[in-house]
Amino acid sequence: MNKLTAKNQKIARRHKRIRSTISGTAERPRMCVFKSNKYVYVQLVDDVAGKTLVSFSSLDAKGKTMSDRAKETGIEVAKKALASKITKVVFDRGGFLYAGQIKAVADAAREGGLTF
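Here the numbering used here is used: the first residue of the sequence shown is 4, the next is one more, and so on.
Here you go:
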């Protein structure tokens with residue numbers, strides 16, 4: 004098993020463990036974050052209905068560094084959520100460690116007005 008496969012298995016194992024304890028509803032959706040090598044994707048998901056309520060990715064962000072784009076992504080998701088009358092969410096880091104870009108998204112969403 005190479006390092007990439009081992010890393011992906013660790014992420015999948017952490018994500019499965021996280022998802023066993025948290026779930027989103029229409030009143031308090033799950034804010035799930037996915038990070039690729041180039042971009043960060045954020046969605047607000049109602050797990051009861053199985054629908055995505057709000058989404059944004061760093062594809063549309065205009066930051067110079069990855070952290071800047073992650074921060075802008077968090078702010079934009081918060082703006083869209085507040086426009087949809089969503090103020091409270093459950094944060095799902097998606098199996099990724101809470102550092103760097105994941106932390107930047109979370110902090111920016113809190114600054115934008117979301118509570119979690």
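We treat Cβ as the ideally placed atom computed from N, Cα and C, and that holds for glycine.
- Query: So what's Leu-56 in DSSP terms, helix, strand or just coil?
  - Reply: Along the sequence shown, one-based indexing puts residue 56 at 53. Reduced to three states, the DSSP call for Leu-56 is strand.
- Reference Asn-40; option with closest CA among Gly-103, Gly-116 and Ser-58: Along the sequence shown, one-based indexing puts residue 40 at 37. Nearest option by C-alpha distance: Gly-103.
- Task: Give the single residue among Gln-46, Val-108, Tyr-42 and Asp-95 whose Cα lies nearest to the Cα of Ile-18.
- Result: On the sequence shown, position 15 is the one that residue 18 refers to. Looking at the sequence itself, residue 18 is His, so the reference to Ile does not match. For the residues Gln-46, Val-108, Tyr-42 and Asp-95, the minimum Cα distance to His-18 belongs to Asp-95.
- For Lys-65, name the three-state secondary structure that DSSP assigns. As a first step, residue 65 is located in the sequence shown; it is residue number 62 there, counting from the start. Residue state, collapsed to three classes: coil.
- Message: At the level of alpha carbons, what is the spacing between Val-92 and Asp-71?
- Response: Numbered from its first residue, the sequence shown carries residue 92 at position 89. Numbered from its first residue, the sequence shown carries residue 71 at position 68. Approximately 22 Å between the Cα atoms of the pair.
- Task: Taking 8 Å as the cut-off, decide whether the C-beta atoms of Leu-47 and Ile-21 are in contact.
- Result: For the purposes of this step, residue 47 is taken as the residue at position 44 of the sequence shown. For the purposes of this step, residue 21 is taken as the residue at position 18 of the sequence shown. Not a contact, by the Cβ cut-off of 8 Å.
- Message: Measuring alpha carbon to alpha carbon, tell me which residue in Ala-64, Gly-98 and Ser-26 is nearest Ile-14.
- Response: As a working mapping, residue 14 is identified with position 11 in the sequence shown. The candidate whose alpha carbon is nearest that of Ile-14 is Gly-98.
- State the start and end residues of the unbroken beta strand (DSSP E) segment that holds Val-48. Position 45 of the sequence shown holds residue 48. Unbroken beta strand (DSSP E) run through Val-48: 43-49.
- On the three-state DSSP scale, how would you describe Lys-38? The count along the sequence shown starts at 1 and reaches residue 38 at position 35. Three-state DSSP puts Lys-38 in a strand.
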